[in-house]
Amino acid sequence: GENVEQHPSTLSVQEGDSAVIKCTYSDSASNYFPWYKQELGKGPQLIIDIRSNVGEKKDQRIAVTLNKTAKHFSLHITETQPEDSAVYFCAASKIASGAGSYQLTFGKGTKLSVIP
Amino acid sequence: ETGVTQSPTHLIKTRGQQVTLRCSSQSGHNTVSWYQQALGQGPQFIFQYYREEENGRGNFPPRFSGLQFPNYSSELNVNALELDDSALYLCASSSGVGAQYFGPGTRLLVL
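Line by line, the protein sequences give chains A and B. For the first sequence, our numbering assigns the number 227 to the initial residue and increments by one for each residue that follows. For the second sequence, our numbering assigns the number 26 to the initial residue and increments by one for each residue that follows.
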């Protein structure tokens with residue numbers, strides 16, 4: 227099955243700096259890569275996703291890049307703010323056979339701390 | 026548009042007991058996926074329900090079972106609880122191959 231590795235496990239940045247989180251996946255058939263932000267005591271919140279027919283996607287301060295050949299994808303957060311502090315998870319999936327939705331395999335998470 | 030809701034928020038059970046967790050999907054979504062998140066780990070896929078039928082299962086034993094109802098809400102049942110079942114149980118709803126949106130989770134503690 228799919229295996230997703232995520233690095234680093236913890237990341238501290240100064241407010242205003244950029245943060246980069248990297249993930250690798252093992253199954254070359256995976257074609258969907260979402261990123262989630264989880265705050266303490268809450269469920270994961272989708273912040274951005276990318277499909278394998280696209281190499282890069284941007285939404286305001288957040289961007290994701292995908293390298294299918296190397297089987298890795300990255301989350302980039304620019305101009306970080308204290309409210310960006312949370313645990314971030316990457317995930318990967320291929321579409322389930324038949325109908326239904328993706329069955330996500332998650333990385334172990336990155337705890338991002340933005341220091342004011 | 027209401028988001029994904031889960032109940033209860035917290036639950037304490039003893040080893041060997043059974044538990045039922047509930048999830049209401051987001052309006053317009055027909056697929057519910059359940060995940061188990063141990064402390065300090067990423068969510069792990071348990072199973073998925075699409076149009077009231079199981080549509081894929083992760084590496085979880087048969088004592089983890091589920092249901093989906095005609096209104097697309099769902100239940101997760103766990104029999105013969107073990108200490109290692111203590112975790113945050115998350116459900117996520119989606120429509121077709123759209124993104125999955127998670128609920129707040131149910132925190133289960135098995136003593």
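C-beta atoms are modelled at their ideal positions from N, C-alpha and C, and glycine is treated no differently.
Tell me, please, which residues DSSP counts as bridged to B/Glu79.
Residue mapping note: residue 79 of chain B aligns to position 54 of the second sequence, counting from 1. Per DSSP, B/Tyr74.
Would A/Ile303 pass as a contact of A/Ala245 if the rule is Cβ separation under 8 Å?
Counted from its first residue, the first sequence places residue 303 of chain A at position 77. Counted from its first residue, the first sequence places residue 245 of chain A at position 19. Going by C-beta atoms, A/Ile303 is nearer than 8 Å to A/Ala245.
For B/Leu108, which three-state DSSP category applies?
Here the question's residue 108 of chain B lines up with position 83 in the second sequence. It is helical.
Residue span of the beta strand (DSSP E) that contains B/Asn55, given as start and end:
Taking the first residue of the second sequence as 1, we reach residue 55 of chain B at position 30. Here B/Asn55 belongs to no beta strand (DSSP E), and DSSP marks it neither H nor E.
Report, in whole angstroms, the separation of the C-beta atoms of A/Thr250 and B/Phe70, which I expect to be a contact under 8 Å.
Numbered from 1 along the first sequence, position 24 holds the residue referred to as residue 250 of chain A. Numbered from 1 along the second sequence, position 45 holds the residue referred to as residue 70 of chain B. Wrong, their Cβ atoms sit about 19 Å apart, outside the cutoff.
Name the chain B residues whose beta carbon is nearer than 9 Å to that of A/Lys283?
The residue given as residue 283 of chain A occupies position 57 in the first sequence. Per Cβ cutoff of 9 Å: no residues; A/Lys283 is ~13 Å from chain B at best.
Among B/Ser120, B/Thr34, B/Asn55, nearest to B/Tyr114 - alpha-carbon criterion:
Position 89 of the second sequence holds residue 114 of chain B. Out of B/Ser120, B/Thr34, B/Asn55, B/Thr34 has the C-alpha closest to the C-alpha of B/Tyr114.
Kindly confirm or deny that the region 40-51 of chain B and the region 101-110 of chain B touch, where touching means at least three C-beta pairs closer than 8 Å.
yes
In or out: A/Gln286 buried (at least 16 other Cβ within 10 Å) or exposed?
Against the first sequence, residue 286 of chain A aligns to sequence position 60. Under this definition A/Gln286 is an exposed residue.
Relative to the C-alpha of A/Val230, which candidate in A/Thr236, A/Val239, A/Pro260, A/Leu237 has its C-alpha closest?
Residue mapping note: residue 230 of chain A aligns to position 4 of the first sequence, counting from 1. That would be A/Pro260, whose Cα lies nearest to the Cα of A/Val230.
Based on the DSSP output, what are the partners of B/Gly91 in its beta bridges?
As a first step, residue 91 of chain B must be located in the second sequence, where it is residue number 66. In the DSSP output, where bridge partners are listed per residue, B/Gly91 has B/Leu101.
Alpha-carbon spacing of A/Lys284 relative to A/Val290, whole angstroms
As a first step, residue 284 of chain A is located in the first sequence; it is residue number 58 there, counting from the start. As a first step, residue 290 of chain A is located in the first sequence; it is residue number 64 there, counting from the start. Cα to Cα, A/Lys284 sits roughly 6 Å from A/Val290.
Which residues DSSP lists as bridging A/Ile321, in chain order:
Translated into positions along the first sequence, residue 321 of chain A becomes position 95. Paired residues: A/Tyr328.
Do A/Glu241 and A/Ile341 have their C-beta atoms closer together than 8 Å?
Taking the first residue of the first sequence as position 1, residue 241 of chain A is located at position 15. Taking the first residue of the first sequence as position 1, residue 341 of chain A is located at position 115. Cβ atoms of A/Glu241 and A/Ile341: closer than 8 Å.
B/Phe127 CB to nearest chain A CB: under 8 Å?
As a working note, residue 127 of chain B is residue 102 in the second sequence. Yes, contact with chain A.
Out of A/Ile288, A/Ser252, A/Asp243, which one is the CA nearest neighbour of A/Lys320?
Numbered from its first residue, the first sequence carries residue 320 of chain A at position 94. Cα-wise, what sits closest to A/Lys320 is A/Ser252.
Which partner residues of B/Val29 appear in the DSSP bridge assignment?
Taking the first residue of the second sequence as 1, we reach residue 29 of chain B at position 4. Answer by DSSP bridge pairing: none, since B/Val29 is not bridged.
Which one of B/Ser52, B/Leu133, B/Ile37, B/Glu78 has the shortest CA to CA distance from B/Ser120?
For the purposes of this step, residue 120 of chain B is taken as residue 95 along the second sequence, with counting starting at 1. Checking every option, the nearest Cα to that of B/Ser120 belongs to B/Ser52.
Suppose only complete runs of 3+ residues qualify. What are the beta strand (DSSP E) ranges in the region 256-288 of chain A, listed by chain order?
258-264, 271-277, 282-285
Just to confirm, are A/Pro234 and A/Thr336 a CB contact at a threshold of 8 Å?
Looking up residue 234 of chain A in the first sequence gives position 8. Looking up residue 336 of chain A in the first sequence gives position 110. Yes, Cβ-Cβ distance for A/Pro234 and A/Thr336 is below 8 Å.
Return the chain-ordered list of same chain residues with a C-beta closer than 7 Å to the C-beta of B/Arg82, the five sequence neighbours on each side being excluded.
Within the second sequence, numbered from 1, the residue matching residue 82 of chain B stands at position 57. Phe72.
Please list the partners that A/Leu338 has in chain B, where partner means a Cβ-to-Cβ separation under 8 Å.
The count along the first sequence starts at 1 and reaches residue 338 of chain A at position 112. By Cβ distance, chain B contributes nothing, its closest Cβ being about 15 Å from A/Leu338, past 8 Å.
Under 8 Å by Cβ, that's how I've got A/Leu301 and A/Cys316 pegged, so tell me the actual separation to the nearest angstrom.
If you number the first sequence from 1, residue 301 of chain A lands on position 75. If you number the first sequence from 1, residue 316 of chain A lands on position 90. Yes, A/Leu301 and A/Cys316 are in contact; Cβ-Cβ is about 7 Å, under 8 Å.
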